[in-house]
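Okay, so the sequence shown: first residue is 1 according to full-length UniProt numbering, each after it adds one. We put the beta carbon where it would ideally sit given N, CA and C, even for glycine. As the structure is a computational prediction, the values presented were derived from the model and not from experiment. A short write-up of the structure that comes next.
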Amino acid sequence: MVTVLIAILLPFVCAALIPLLYRRLRHITHLGWFVFSVPFILFLLLTRYIPQIAGGKTFIHTYEWIPSFNINITTYLDGLSMIFGLLITGVGSLVILYSIFYLSTKESLHHFYCYLLLFMGAMLGVVFSDNLMVLYTFWELTSVSSFLLIAFWHHRKASRAGAKKAMMITVFGGLSMLAGFLMLYVAADTFSIRDIVAHVGVIRDHALFTPALILILLGAFTKSAQFPFHIWLPDAMEAPTPVSAYLHSATMVKAGIYLVARFSPVFGGEAIWFWLVSVIGLVTLFWGSFNAVRQTDLKALLAFSTVSQLGLIMSLFGLGSVGHYYGYTKDSIVYTQASFAALFHLINHSTFKGALFMMVGIVDHEVGTRDIRRLGGLMSLMPITFTIAVIGSFSMAGLPPFNGFLSKEMFFAAVLAIRDVEAFSIADLGLFFPLVAWVASIFTFVYSLILISRTFLGKLQPEKMDRKPHEAPLGMLLSPIVLCLLVVGIFFFPNVLGHYILEPAMASIYPTFPTTYELTPHISAWHGINAELLMTLGVIVLGFILFKTLKSWKPVYRIFSQKYTFNTYYNRMIEISESGSEKLTRKYMTGNLTHYFVYIYVFFVALIAGYFIWSDAMTFNFDMDSTIESYELILVFVMVFAAVWMIFAKGRVTAMLLNGVLGYSIAFFFVIFRAPDLALTQLVVESVTTALFLLCFKYLPDLMPEAPRKRVQWSKAMISIFVGATVTMVGLAVVHYEQFEPVSSYFNDAYELAGGSNIVNTILGDFRAFDTMLEVVVLLIAGLGVYTLTKLKPRKEEADYEN
């Protein structure tokens with residue numbers, strides 16, 4: 001479908017145009033209005049397909065890229081990718097609108113919007129790609145572009161550190177995910193996710209199925225900040241607030257959620273998938289909510305709350321995977337409701353958390369601080385911002401009449417229903433799932449109250465604030481107001497969302513369920529007095545008590561020493577790796593050229609000769625060889641004499657002349673073996689290089705070699721002998737080596753396909769051209785680096801460069 005390809009490419013095209021147009025646009029209008037049009041137009045384009053997607057239709061289109069390796073750009077729009085596409089473009093539009101009024105025109109706006117569009121295009125590429133390799137390419141591009149966005153205020157040390165940590169953790173997970181994708185390809189013989197789902201029954205018994213599962217989950221957990229990889233998300237809050245509102249509430253952290261949802265048809269029903277996804281999700285839910293209570297920075301509080309909410313969504317997808325285990329019958333539909341709750345809360349979280357991030361940005365922008373110890377009493381001065389905070393916080397806490405209440409009740413229903421499941425020995429754990437969910441929800445209620453009360457209630461402290469508090473301009477309030485309207489609107493009309501958005505997404509997660517079965521429940525705010533409602537009442541009562549007695553029990557956090565935090569272990573690991581790599585580098589980077597050659601040759605002999613000996617390939621057969629003529633022996637003797645004499649030469653000119661003898665002797669061999677073109681090339685190159693060397697060495701002092709020790713001489717001699725023997729024996733052995741198919745068969749077919757009539761010319765013209773092209777690219781990158789370092793003038797940094 002062309003629309004989906006346009007949705008992926010348009011952000012990249014506009015990002016490329018920004019450096020060319022921003023100087024002209026800034027004299028006409030704010031650059032943000034141009035950028036705002038990109039996600040807004042894409043959002044409108046996607047909404048046109050909602051009725052068709054709701055009717056069960058999917059849109060697939062393939063553009064050939066590297067068909068010989070089964071790597072093609074296949075766009076795939078179904079219910080699941082539609083949810084994420086609408087979030088990426090819809091929330092993206094609101095974030096860009098918010099940024100127009102939030103960011104100062106003195107900022108480097110063209111860089112900011114260029115990075116933001118790159119990230120938007122990468123995220124759309126992730127959710128709309130059917131090919132695993134294309135998906136991985138966009139996946140890593142999200143890590144690179146998010147690094148640029150988090151480090152946007154690069155003069156701040158904390159911003160640079162946060163970007164580096166996010167990059168390292170997510171890229172590590174991405175490489176693990178790549179290994180898992182390659183294992184899936186080996187098992188299924190296809191890179192297409194749709195084809196893998198269609199043949200999942202065949203690949204489940206493959207030896208690489210479980211390792212692929214674990215590695216793919218590792219990529220999802222790192223991207224979605226699951227325990228213990230959650231440590232990058234709080235540090236990433238050093239980014240500008242629009243970045244936090246976009247990346248860390250609606251897009252980047254949801255990429256891992258998307259991956260789990262997309263691969264649920266493949267791995268769902270496996271015990272290891274259920275336990276890893278559900279338990280790690282619950283642990284993340286509890287740990288994030290528990291740590292959010294102790295935070296004094298509003299963005300840090302929201303960061304840990306995001307970690308917690310992501311854990312909630314992840315655990316629901318784990319619980320919902322039980323539906324795959326019990327088969328595709330009407331009785332097993334009850335186990336799929338957890339996945340429905342996950343999708344529902346995915347949307348709800350994007351609305352209320354996006355509004356909360358923008359609210360915190362408004363407070364920081366208008367007051368000058370996010371520290372709750374310096375805030376308070378802002379309700380009367382910032383009534384609209386206070387209303388946004390109340391709606392977002394109460395929705396996050398799971399209170400009516402807000403959308404978070406509906407999905408939170410479904411979450412409680414899912415953890416209560418899982419107690420009775422006999423599969424995977426779940427019933428043996430009893431109350432583990434509902435107990436952890438309930439306790440984590442209590443802490444969620446506590447930090448939601450802290451967010452409201454410490455910021456807007458209590459006594460105003462103007463002496464602790466950097467600016468005089470006042471309400472934000474309408475332009476900055478518009479985006480969070482729209483999100484708050486969605487928070488309330490979804491509560492009163494949830495089944496409109498359920499029918500048009502959630503139902504087709506459920507069909508994507510459970511594609512093999514019969515279409516006659518209704519996978520989506522009717523969403524209602526009232527189900528009578530049941531266990532879920534009683535759990536909610538318990539959360540409110542105990543949460544309010546814990547909030548009121550916060551000072552008396554908050555010292556419990558002191559039990560967790562800073563010496564044993566995950567951040568401490570991460571920093572220590574980085575320090576050890578840096579110091580260890582520095583020591584190792586100093587060991588072999590001695591500055592002595594002789595040492596470098598020794599390393600290369602020893603490794604060469606150990607690898608090549610070792611493999612040939614290990615594989616019993618050192619077999620020789622001279623029966624079919626042609627006879628060696630006397631003049632060939634004379635040429636060999638001349639070459640050996642020149643090579644040995646060159647080692648003992650006392651002058652550079654003598655050594656270079658002997659080196660020329662070697663080169664010309666090789667040219668004679670080319671003539672004897674009837675390769676005149678190679679002989680001519682060798683003669684020209686050897687003549688030119690010899691002349692150039694002699695010209696240069698004329699101006700150098702005489703060679704005065706130091707007398708080396710006998711031990712060093714013998715070691716060099718042994719290395720030389722081993723290298724020569726290895727090359728000779730390999731050359732003789734490969735003539736009759738039959739373990740692998742000769743490479744000549746590949747080139748034989750390739751040069752015919754390339755339209756050549758001579759295999760050597762084709763190799764030089766087609767295959768060697770690729771190598772040359774890459775060499776030119778390397779030189780171009782190096783040249784750009786040199787130009788940047790030498791010609792561009794550095795800007796004056798702010799005074800707090802290292803703060």
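Same chain, Cβ closer than 6 Å to residue i, five either side skipped, listed in chain order
i, result
"L683", "A667"
"Y63", "I73"
"I347", "none"
"W139", "V126, G174"
"T170", "S143, T222, K223"
"A472", "I362, E366"
"L282", "S315, V436"
"W232", "K165, A166, I169"
"Y801", "Residue confidence is low: Y801 scores 40 on pLDDT, short of 50, so the model does not pin down where it sits. No coordinate-derived value is stated."
"N803", "With a pLDDT of only 42 at N803, under 50, the local geometry of the prediction cannot be trusted, and the value read off the model is given with reservation. Excluding sequence neighbours, N803 sits near nothing in its chain."
"C14", "V38, L117"
"residue 810", "Absent from the structure is residue 810, since the part of the chain shown begins at 1 and ends at 803."
"H230", "V307"
Boundaries (first-last residue) of the alpha helix (DSSP H) holding residue i
i, result
"E686", "676–697"
"Y136", "132–150"
"F229", "No alpha helix (DSSP H) contains F229, which DSSP labels as neither H nor E."
"N621", "Neither: N621 is in no alpha helix (DSSP H) and is coded neither H nor E."
"T654", "652–672"
"S407", "403–417"
"W614", "610–614"
"G256", "252–267"
"V777", "768–791"
"V541", "531–548"
"F560", "Counting along the chain, F560 falls outside any alpha helix (DSSP H), and DSSP gives it neither H nor E."
"K223", "209–223"
"V243", "241–247"
"H522", "Where H522 is concerned, there is no enclosing alpha helix (DSSP H), given that its DSSP letter is neither H nor E."
"W33", "31–47"
"Y325", "322–325"
Where the beta strand (DSSP E) through residue i begins and ends
i, result
"W645", "Taken as a continuous stretch (DSSP letters only), W645 belongs to no beta strand (DSSP E), being part of the alpha helix (DSSP H) at 630–647."
Assumed close pair residue i, residue j - CB separation to whole angstroms, cut-off 8 Å
i, j, result
"G174", "I8", "Not really, about 19 Å apart at Cβ, beyond 8 Å."
"F304", "S407", "At roughly 20 Å, the Cβ-Cβ gap does not stay under 8 Å, so F304 and S407 are not in contact."
"G148", "F181", "The residue you asked about is not Gly; residue 148 is Leu in the sequence shown. With a Cβ gap of about 25 Å, L148 and F181 do not count as contacting."
"Y588", "Y599", "6 Å"
"residue 825", "S479", "A question about residue 825 goes unanswered here, because the residues of the chain that appear run from 1 up to 803."
"D371", "T241", "Between T241 and D371 the Cβ distance is about 15 Å, and since that is not below 8 Å, they are no contact."
"E532", "A427", "Not really, about 20 Å apart at Cβ, beyond 8 Å."
"W275", "F424", "7 Å"
"Y510", "G323", "7 Å"
"S448", "F394", "7 Å"
"G375", "R294", "The sequence shown places Leu at residue 375, not Gly. In fact, because the Cβ distance is near 17 Å, the residues do not count as touching under 8 Å."
Own chain partners of residue i with C-beta closer than 7 Å, once the 5 adjacent residues on each side are dropped
i, result
"M653", "Checking the sequence, you will find Val at residue 653 rather than Met. So the qualifying residues of the chain are L694, F697."
"M379", "F386, F456, L457"
"H499", "A54"
"T89", "P39, L42, F43, L46"
"K99", "One point to set straight first is that residue 99 is Ser, not Lys, in the sequence displayed. For S99, where only same-chain residues beyond five positions count, the Cβ hits under 7 Å are G32, P242."
"L534", "none"
Residues bridged to residue i (per DSSP)
i, result
"Y76", "I60"
"I66", "I71"
"D364", "None; D364 has no bridge partner."
"S129", "T75"
"D371", "D297"
Beta-carbon contacts of residue i that lie in its chain and below 8 Å, excluding the five residues immediately before and after
i, result
"G368", "M465, D466, R467"
"I490", "I347, N348, T351, N403, L406, L497"
"L97", "G32, F36, G475, L478, S479"
Closer than 7 Å: residue i CB and nearest the ligand MG heavy atom
i, result
"Y63", "By its list of ligands, the structure shown contains no ligand whatsoever, and the ligand MG lies outside what it can speak to."
Minimum Cβ-Cβ distance from residue i to chain C less than 8 Å
i, result
"S441", "Here chain C cannot be found, since the structure has a single protein chain."
Continuous alpha helix (DSSP H) assignments of at least 4 residues falling wholly in the segment 168–206: 193–198, 200–203
Those runs of the alpha helix (DSSP H) which lie wholly inside the segment 269–299 and span at least 4 residues: 271–292
Beta strand (DSSP E) runs wholly inside the segment 583–608, at least 3 long, in chain order: none
Length at least 3, wholly inside the segment 432–520: the beta strand (DSSP E) runs in chain order: none
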